[in-house]
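Its first residue numbered 44, the sequence shown is counted upward by one per residue in the working numbering. The C-beta atom is built at its ideal place from N, Cα and C for all residues, glycine as well. Everything below concerns the one structure shown next.
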Amino acid sequence: MNTTLLKLKKLQEVDDLVRARHKAMAESRTLLAVTSTKLKSGENNLAEIRRLQRDEEAKHRDLEGELKILAVKKKSNEDRLATFKNNIEYIALIKEANFLAKRVDEIENKALVILEQLEKRAAVIDTMELALTQIRDAITSQVADFKADEVASQNYLADLTTQRVALTEAIEPNLIKRYEEIAETKGGLVVTAALNSLCLACRMSFPPQIYNELQRNQKISVCPNCGRFLYWPDHNDFQPQTKLKP
Ligand SMILES: [Zn+2]
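Next up, the structure:
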């Protein structure tokens, strides 16, 4: 049994777990940032639509004020029409009555259009508020998950660091040096399985002699193309029941 290769393989597994956990934590942070941006943008949109609503409400109030003034004028016109003194005054009063009626009509139509817009916008505001509440709830839950994950991750990573230190101390320094160099240049994948005469990391085939070595598993073999440490997964040493003795 080549325990050094088993330890290197275990080191690779530990490093893969560390990387996977860092990636998951980064993804959680990204998710939280995306949700927070969504909330901010939603809040800005809501503030803008509320501003429009306030402006339109003010316009509607102005129009209602104008209608009240016109109603007073209309009443005065009707009173004077009941007591006009001559034809000229009558014609002037009728002209004024027509003008007032037309004006009232115009303003009532305008007020109605605005009222419809106010009602539609109020419904939109309700929907937006509901959506924002849901986003805030999602953030609360994501923050809670993130905090819990962070504590769990710290413990998990500390445990993996302990395992890593033990493994690196149990492997010859020159191999560790080579491991770290390959990890640095090959995206972290250093120990790889071989299928027949094929390196599964770089997908290049290697000479049968190396395949024979792998089947014996008595020495450390490296891929002549990518330089990674190779192992043959069908060898008994790499079966799941094999226990690595420290
Ligand atoms: Zn290779």
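For residue i, which residues in the same chain have their Cβ closer than 8 Å to its Cβ, ignoring the five residues on either side in sequence?
i: I150; result: L106, E109, L110 and L113
i: P251; result: S240
i: R207; result: L54, V57, D58 and V61
i: A154; result: H103, L106, E107 and L110
i: V265; result: R271, F272 and L273
Using the Cα positions of residue i and residue j, report the straight-line distance between them to the nearest angstrom.
i: A125; j: D148; result: 23 Å
i: L51; j: N239; result: 21 Å
i: A135; j: K118; result: 15 Å
i: Q185; j: L75; result: 7 Å
i: Y254; j: N268; result: 14 Å
i: K81; j: T73; result: 12 Å
i: Q197; j: G230; result: 23 Å
i: N37; j: A166; result: Limits of the chain in this structure are 44 at one end and 289 at the other, which puts residue 37 out of reach.
i: K220; j: L48; result: 14 Å
i: T228; j: A67; result: 22 Å
i: F142; j: D122; result: 16 Å
i: A69; j: L203; result: 18 Å
i: E139; j: N88; result: 46 Å
i: A191; j: Q177; result: 21 Å
i: N217; j: K262; result: 15 Å
Identify the continuous alpha helix (DSSP H) that holds residue i and give its terminal residues.
i: L113; result: T46 to A125
i: F189; result: N130 to A213
i: I263; result: First-last for I263: undefined, no H or E at that position.
i: K229; result: Neither: K229 is in no alpha helix (DSSP H) and is coded neither H nor E.
Which residues in the same chain as residue i place their Cβ atom closer than 7 Å to its Cβ, once the five residues preceding and following it in sequence are excluded?
i: A236; result: L243, Y274 and P276
i: E86; result: L175
i: G270; result: I225
i: D280; result: M44, N45, L49 and N260
How would you write the range of the beta strand (DSSP E) that residue i sits in, first residue to last?
i: L238; result: V234 to L238
i: L273; result: F272 to Y274
Spatial neighbours of residue i within its chain, please: C-beta separation below 6 Å, excluding the five flanking residues on both sides.
i: S248; result: S240 and L241
| query | What is the chain-ordered set of residues for which the beta carbon lies under 7 Å from any non-hydrogen atom of ligand 3? | reply | This structure lacks ligand 3; the ligands present are ligand 1.
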